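Numbering (this note's numbering) for the sequence shown: 2 to 337.
Where is the CB? At the ideal position from N, CA and C, for every residue including glycine.
In this text the structure is predicted, and so the values were computed from the model without any measurement.
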Amino acid sequence: MNILIIQTGFLGDAVLATGLLRGIATRPEIHVGMVVRAAYSELFENHPALHWLHPFQKQRKGGFAEVLESIRNVNYDVALIPHRSARSGLLAWRAGIPRRIGFRQSELPLLLTDSVEYQIAQHETDRNAALLERAGIFTTARRPYLHTSPHDFFPVLPYAAHGCPLVLIAPGSVWPTKRWGAAGYAAVARQLTERGAAVKLIGSDGERELCAQIAAEAGLPDAHNLAGKLTLRQLAMLIAMAAHVVTNDSAPVHLAEALGTPVTAIFGPTVPEFGFAPKGEGSSAVEAGPLPCRPCDIHGPERCLIGTHQCMTSITPAMILTTISIPTLSPSASEP
Numbered sequence: 002m003n004i005l006i007i008q009t010g011f012l013g014d015a016v017l018a019t020g021l022l023r024g025i026a027t028r029p030e031i032h033v034g035m036v037v038r039a040a041y042s043e044l045f046e047n048h049p050a051l052h053w054l055h056p057f058q059k060q061r062k063g064g065f066a067e068v069l070e071s072i073r074n075v076n077y078d079v080a081l082i083p084h085r086s087a088r089s090g091l092l093a094w095r096a097g098i099p100r101r102i103g104f105r106q107s108e109l110p111l112l113l114t115d116s117v118e119y120q121i122a123q124h125e126t127d128r129n130a131a132l133l134e135r136a137g138i139f140t141t142a143r144r145p146y147l148h149t150s151p152h153d154f155f156p157v158l159p160y161a162a163h164g165c166p167l168v169l170i171a172p173g174s175v176w177p178t179k180r181w182g183a184a185g186y187a188a189v190a191r192q193l194t195e196r197g198a199a200v201k202l203i204g205s206d207g208e209r210e211l212c213a214q215i216a217a218e219a220g221l222p223d224a225h226n227l228a229g230k231l232t233l234r235q236l237a238m239l240i241a242m243a244a245h246v247v248t249n250d251s252a253p254v255h256l257a258e259a260l261g262t263p264v265t266a267i268f269g270p271t272v273p274e275f276g277f278a279p280k281g282e283g284s285s286a287v288e289a290g291p292l293p294c295r296p297c298d299i300h301g302p303e304r305c306l307i308g309t310h311q312c313m314t315s316i317t318p319a320m321i322l323t324t325i326s327i328p329t330l331s332p333s334a335s336e337p
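#1: How many whole angstroms separate the CB atoms of residue 270 and residue 291, which I take to be in contact at a CB cut-off of 8 Å?
#2: Residue 16 lies in the alpha helix (DSSP H); which residues open and close that run?
#3: By Cβ distance below 7 Å, which residues in the same chain neighbour residue 142 in space, the five residues on each side in sequence not counted?
#4: With a 10 Å radius around its C-beta and 16 neighbouring C-beta atoms as the bar for buried, classify residue 129 as buried or exposed.
#5: Do you know whose CA, among 174, 278 and 169, lies nearest residue 190's CA?
#6: Can the beta-carbon of residue 252 be found closer than 8 Å to that of residue 16?
#7: Classify residue 67 as helix, strand or coil using the three-state DSSP reduction.
#8: Have a look at residue 221 and residue 200 and give me their C-alpha separation to the nearest angstrom.
#9: What does residue 324 pair with, by DSSP beta-bridge criteria?
#10: On the criterion of 16 or more Cβ atoms from any shown chain inside 10 Å, does residue 325 qualify as buried, or is it exposed?
#11: Between the alpha carbons of residue 184 and residue 60, how many angstroms are there, rounded?
#12: Just to check my reading of the structure: residue 107 and residue 85 have Cβ atoms closer than 8 Å, yes? What is that Cβ distance to the nearest angstrom?
#13: Going straight from the alpha carbon of residue 192 to that of residue 72, what length do you get?
#14: By Cβ distance below 8 Å, which residues in the same chain neighbour residue 1 in space, the five residues on each side in sequence not counted?
#15: For residue 267 and residue 181, which I take to be in contact (beta-carbon distance under 8 Å), what is that distance rounded to the nearest angstrom?
#16: What are the boundary residues of the beta strand (DSSP E) that residue 53 is part of?
#17: So residue 1 and residue 39 are in contact, right, with Cβ under 8 Å, and what is the actual spacing, rounded?
#18: Just list the residues that DSSP pairs residue 36 with in beta bridges.
#19: With the cut-off set at 8 Å, would you say residue 321 and residue 287 are in Cβ contact?
#20: Spatial neighbours of residue 102 within its chain, please: CB distance less than 8 Å, with the 5 preceding and 5 following residues excluded, ordered by chain position.
#21: Would you kindly work out how many angstroms separate the C-alpha atoms of residue 166 and residue 196, rounded to a whole number?
#22: Just curious, the beta strand (DSSP E) that residue 116 is in, first and last residue?
#23: Please confirm whether residue 4 and residue 119 have their CB atoms less than 8 Å apart.
#24: Near residue 273, which residues of its chain fall below 6 Å by C-beta distance, leaving aside the five closest residues on each side in sequence?
#25: Could you give the first and the last residue of the continuous alpha helix (DSSP H) run that contains residue 262?
#26: Within its chain, find whatever has a CB closer than 6 Å to the CB of residue 174; leave out the 5 residues flanking it on each side and keep chain order.
#27: To which residues does DSSP link residue 175 through a beta bridge?
#28: Measure how close the beta-carbons of residue 109 and residue 97 come, nearest whole angstrom, since I'm counting them as under 8 Å.
#29: Which runs of the beta strand (DSSP E) spanning at least 3 residues fall entirely within the region 194 to 257, listed in chain order?
#30: Would you mind listing the alpha helix (DSSP H) stretches within the region 132 to 183 that are 4+ residues and don't spill past its ends, in chain order?
#31: Pull up the distance between the alpha-carbon of residue 9 and that of residue 65, whole angstroms please.
#32: Between which two residues does the alpha helix (DSSP H) carrying residue 285 extend?
#33: What residue range does the beta strand (DSSP E) around residue 80 cover?
#34: Name the two residues that bound the continuous beta strand (DSSP E) containing residue 90.
#35: For the candidate residues 205, 204, 280 and 242, whose alpha-carbon lies nearest to that of residue 163?
#36: Name the DSSP bridge partner or partners of residue 268?
Next up, the structure:
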């Protein structure tokens, strides 16, 4: 049987969809392909559970036709479509895949041959697993599944911590209201450094300035600002090497989960009950107490709808630090 997974949403969505790969990996009679945005495809190259990878140039004219042709070159029997967009359903239908399984709440459910209910109270990996179960494949292995290669190790050696725990802070997010404050992150970085950790900042090139601000406030060397310096594969390797990751409700949560690294996820306008909180050992979700305005949006709006951003400002560095367990070293043992 050939199965295609279509997830062309954001990076975190694509990483969460790899939980389906973990569930299928022990079935040698099943061959799996995956459609993801081309910008993220390097993260999935040479994945041991993937037989085919179809990068989708989503914003480029002709990108739909190109990925459609690539899919048609494989005789897929089943499409699993965790992404609820009309375009994802249309892709499976136009490719002529005979069985197309998605969520009833998809934008074009008529294009599906089978649908399951999108249960808002379930974790995203469990929601995705419901698609697999509708295909007749039952598994309890659902944690996101990424693969690092020894070839990715050497390029990140200059950024690794030597002789002390490495803690990575990812302060960015596509959604502005999901970003905890720079001052809070700086306070966490300072106190972790005092504990003997090597704290480094990660993010996209567009987040370099934010990370530089946090590094300056925390007294970290400029070299500890890695925003924009790493490829996705290098970032995955560095996360795999880290003792802990601290981030907003964004893609690094799921990268850490997929690589087995404990992560602290900070939730403001969104809530863990939406199904995107970390579940791994040593991981935590930190959030404000009950507020009448929270949650205000499934993703987080561009700006606070009441102008206070209290869901984030009420979260303190102490709340974050209590979730991070690393060996306590003398300050002299930490990286300069």
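Based on what the coordinates show:
#1: Counted from its first residue, the sequence shown places residue 270 at position 269. Counted from its first residue, the sequence shown places residue 291 at position 290. A Cβ-Cβ separation of about 14 Å leaves residue 270 out of contact with residue 291 under the 8 Å criterion.
#2: Residue 16 sits at position 15 when you count from the first residue of the sequence shown. Here the alpha helix (DSSP H) through residue 16 covers 12 to 18.
#3: In the sequence shown, residue 142 corresponds to position 141, counting from 1. Within the same chain, residue 142 has close Cβ partners 23 and 24.
#4: For the purposes of this step, residue 129 is taken as the residue at position 128 of the sequence shown. Buried: at least 16 other Cβ atoms inside 10 Å.
#5: Locating residue 190 in the sequence shown gives position 189, where the first residue counts as 1. When 174, 278 and 169 are compared, the shortest CA-CA separation from residue 190 is found for 169.
#6: For this step, residue 252 is matched to residue 251 along the sequence shown. For this step, residue 16 is matched to residue 15 along the sequence shown. Their beta carbons are under 8 Å apart, which means residue 252 touches residue 16 by this criterion.
#7: As a position in the sequence shown, residue 67 is number 66, starting the count at 1. Here residue 67 carries a helix assignment [DSSP, helix/strand/coil].
#8: What you label residue 221 is simply residue 220 of the sequence shown in a count that begins at 1. What you label residue 200 is simply residue 199 of the sequence shown in a count that begins at 1. A direct Cα-to-Cα measurement between residue 221 and residue 200 gives close to 8 Å.
#9: To locate residue 324, count along the sequence shown from 1; it is residue 323. According to DSSP, residue 324 bridges with nothing at all.
#10: Position 324 of the sequence shown, counted from the first residue, corresponds to residue 325. With 16 or more other Cβ atoms within 10 Å, it is buried.
#11: By one-based count along the sequence shown, residue 184 stands at place 183. By one-based count along the sequence shown, residue 60 stands at place 59. Roughly 35 Å between the two C-alpha positions.
#12: As a first step, residue 107 must be located in the sequence shown, where it is residue number 106. As a first step, residue 85 must be located in the sequence shown, where it is residue number 84. For residue 107 against residue 85, the beta-carbon gap comes to about 4 Å, under 8 Å, which counts as contact.
#13: Stepping through the sequence shown from its first residue, residue 192 is reached at position 191. Stepping through the sequence shown from its first residue, residue 72 is reached at position 71. If you draw a straight line from the Cα of residue 192 to the Cα of residue 72, it is about 50 Å long.
#14: Coverage of the chain is limited to positions 2 through 337, which leaves residue 1 absent and any answer about it impossible.
#15: For the purposes of this step, residue 267 is identified with residue 266 of the sequence shown, where counting begins at 1. For the purposes of this step, residue 181 is identified with residue 180 of the sequence shown, where counting begins at 1. That pair is a contact at about 5 Å.
#16: Start at 1 with the first residue of the sequence shown, and residue 53 comes out as number 52. Unbroken beta strand (DSSP E) run through residue 53: 53 to 57.
#17: There is simply no residue 1 to check, as the chain begins at 2 and stops at 337 in what is shown.
#18: Here residue 36 corresponds to residue number 35 of the sequence shown, with the count starting at 1. In the DSSP output, where bridge partners are listed per residue, residue 36 has 7 and 55.
#19: Stepping through the sequence shown from its first residue, residue 321 is reached at position 320. Stepping through the sequence shown from its first residue, residue 287 is reached at position 286. A contact, by the Cβ cut-off of 8 Å.
#20: Numbered from its first residue, the sequence shown carries residue 102 at position 101. Non-local beta-carbon contacts of residue 102 in its own chain, meaning distances under 8 Å to residues more than five positions away in sequence, involve 79, 80, 81, 82, 113, 114, 115, 116, 117, 132, 135 and 136 in chain order.
#21: The residue you call residue 166 lines up with position 165 of the sequence shown. The residue you call residue 196 lines up with position 195 of the sequence shown. Approximately 10 Å, taken between the alpha carbons.
#22: Along the sequence shown, one-based indexing puts residue 116 at 115. For residue 116, the enclosing beta strand (DSSP E) covers residues 115 to 117.
#23: Here residue 4 refers to the residue found at position 3 when the sequence shown is read from its first residue. Here residue 119 refers to the residue found at position 118 when the sequence shown is read from its first residue. Not closer than 8 Å, so no.
#24: Locating residue 273 in the sequence shown gives position 272, where the first residue counts as 1. Excluding sequence neighbours, residue 273 sits near 286.
#25: By one-based count along the sequence shown, residue 262 stands at place 261. It is not in any alpha helix (DSSP H) - residue 262 carries neither H nor E in the DSSP assignment.
#26: Locating residue 174 in the sequence shown gives position 173, where the first residue counts as 1. Correct list, in chain order: 180, 249 and 251.
#27: Walking along the sequence shown from the start, residue 175 turns up at place 174. None; residue 175 has no bridge partner.
#28: Mapped onto the sequence shown, residue 109 falls at position 108. Mapped onto the sequence shown, residue 97 falls at position 96. The Cβ separation is near 16 Å, so there is no contact.
#29: As far as the region 194 to 257 is concerned, its whole beta strand (DSSP E) runs of at least 3 residues are 199 to 202 and 245 to 249.
#30: Assignment of alpha helix (DSSP H) within the region 132 to 183, counting only whole runs of 4 or more residues, yields 154 to 157 in chain order.
#31: Residue numbering aside, residue 9 sits at position 8 when the sequence shown is read from its first letter. Residue numbering aside, residue 65 sits at position 64 when the sequence shown is read from its first letter. Roughly 11 Å separates the two Cα atoms.
#32: In the sequence shown, residue 285 corresponds to position 284, counting from 1. It is not in any alpha helix (DSSP H) - residue 285 instead sits in the beta strand (DSSP E) that spans 285 to 288.
#33: Looking up residue 80 in the sequence shown gives position 79. Its beta strand (DSSP E) spans residues 79 to 82.
#34: As a position in the sequence shown, residue 90 is number 89, starting the count at 1. Per DSSP, residue 90 lies in no beta strand (DSSP E); the unbroken alpha helix (DSSP H) holding it starts and ends at 87 to 95.
#35: Walking along the sequence shown from the start, residue 163 turns up at place 162. Of the candidates 205, 204, 280 and 242, the one whose C-alpha sits nearest the C-alpha of residue 163 is 242.
#36: What you label residue 268 is simply residue 267 of the sequence shown in a count that begins at 1. Per DSSP, 288.
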